[in-house]
Amino acid sequence: MSTQAAADHRTRYEELARRLTGVGAVKRELARHLPPDCPPGAAAVLTLIDRHGEMRLSRLAELMAIDISVTSRHVAHVADRGWIARDSDPGDGRCRILRLTPAGSAVLAEASARYTGALEHALADWPAHDIDVLNTLLARLRSSFRTVELPDEGTP
Numbered sequence: 003m004s005t006q007a008a009a010d011h012r013t014r015y016e017e018l019a020r021r022l023t024g025v026g027a028v029k030r031e032l033a034r035h036l037p038p039d040c041p042p043g044a045a046a047v048l049t050l051i052d053r054h055g056e057m058r059l060s061r062l063a064e065l066m067a068i069d070i071s072v073t074s075r076h077v078a079h080v081a082d083r084g085w086i087a088r089d090s091d092p093g094d095g096r097c098r099i100l101r102l103t104p105a106g107s108a109v110l111a112e113a114s115a116r117y118t119g120a121l122e123h124a125l126a127d128w129p130a131h132d133i134d135v136l137n138t139l140l141a142r143l144r145s146s147f148r149t150v151e152l153p154d155e156g157t158p
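Shown next, in the form of structure tokens:
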């Protein structure tokens with residue numbers, strides 16, 4: 003690779019890093035549209051239990067790709083509000099099975115409607131094709147990070 007090609011290659015990924023920082027800002031703006039008392043972590047818990055069904059805390063932490071102690075705090079938040087139930091695991095009484103309650107389903111439906119509505123409003127002038135392409139590329143990006151061991155270079 004020539005020096006110019008290497009510089010262009012590096013610049014391309016630096017620009018991507020900047021754009022991903024902007025995605026964080028978009029996520030924070032979208033979080034403002036969630037129902038009261040339902041922060042993004044709580045919404046993620048509800049969404050994953052709804053999508054994947056009953057599960058143990060360890061599985062939820064795996065799906066959320068965060069530490070189990072952080073997952074536990076999110077679970078406590080939604081359980082305290084009656085949005086999920088923590089039932090004894092018949093296979094291991096020391097563990098709990100998390101399941102969505104009707105109240106949790108209602109909060110999730112409201113959160114989803116608000117979140118989707120905010121996206122529809124913000125992207126109202128986008129052609130449908132562009133939204134489809136963005137969906138495809140974001141799914142591909144996420145998939146790439148599921149299978150690659152990333153080097154620890156301290157890049158923000």
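Position one of the sequence shown corresponds to residue 3 (our numbering), numbered consecutively onward.
A virtual CB, placed ideally from N, CA and C, is assigned to each residue, including glycine.
Residues in the same chain with beta-carbon distance under 8 Å from residue i, minus the five sequence neighbours each way, listed in chain order, please.
{"i": "residue 42", "result": "29, 33 and 36"}
{"i": "residue 76", "result": "43, 44, 46, 47 and 66"}
Between the alpha carbons of residue i and residue j, how many angstroms are there, rounded?
{"i": "residue 145", "j": "residue 84", "result": "33 Å"}
{"i": "residue 139", "j": "residue 91", "result": "38 Å"}
{"i": "residue 2", "j": "residue 114", "result": "Residue 2 lies beyond the stretch modelled for the chain, which goes from 3 to 158, so this question has no answer here."}
{"i": "residue 5", "j": "residue 25", "result": "30 Å"}
{"i": "residue 58", "j": "residue 103", "result": "15 Å"}
{"i": "residue 129", "j": "residue 120", "result": "16 Å"}
{"i": "residue 112", "j": "residue 13", "result": "41 Å"}
{"i": "residue 1", "j": "residue 21", "result": "Not covered by the structure: residue 1. The range shown for the chain is 3 to 158."}
{"i": "residue 27", "j": "residue 101", "result": "31 Å"}
With residue i and residue j assumed to form a contact (beta carbons below 8 Å), what rounded beta-carbon distance in angstroms separates them?
{"i": "residue 73", "j": "residue 62", "result": "6 Å"}
{"i": "residue 70", "j": "residue 60", "result": "6 Å"}
{"i": "residue 44", "j": "residue 11", "result": "In fact, because the Cβ distance is near 40 Å, the residues do not count as touching under 8 Å."}
{"i": "residue 56", "j": "residue 99", "result": "5 Å"}
{"i": "residue 86", "j": "residue 106", "result": "5 Å"}
{"i": "residue 135", "j": "residue 40", "result": "Incorrect: roughly 30 Å between the Cβ atoms, too far for contact."}
Quick check on residue i: buried or exposed, where buried means 16 or more other Cβ atoms within 10 Å of its Cβ?
{"i": "residue 18", "result": "exposed"}
Cutting at 6 Å between CB atoms, please list the residues of its own chain near residue i, excluding the five before and the five after it.
{"i": "residue 81", "result": "88"}
message = Which complete alpha helix (DSSP H) runs does the region 36 to 122 hold, if anything under 4 residues is left out?
response = 42 to 54, 59 to 66 and 70 to 82
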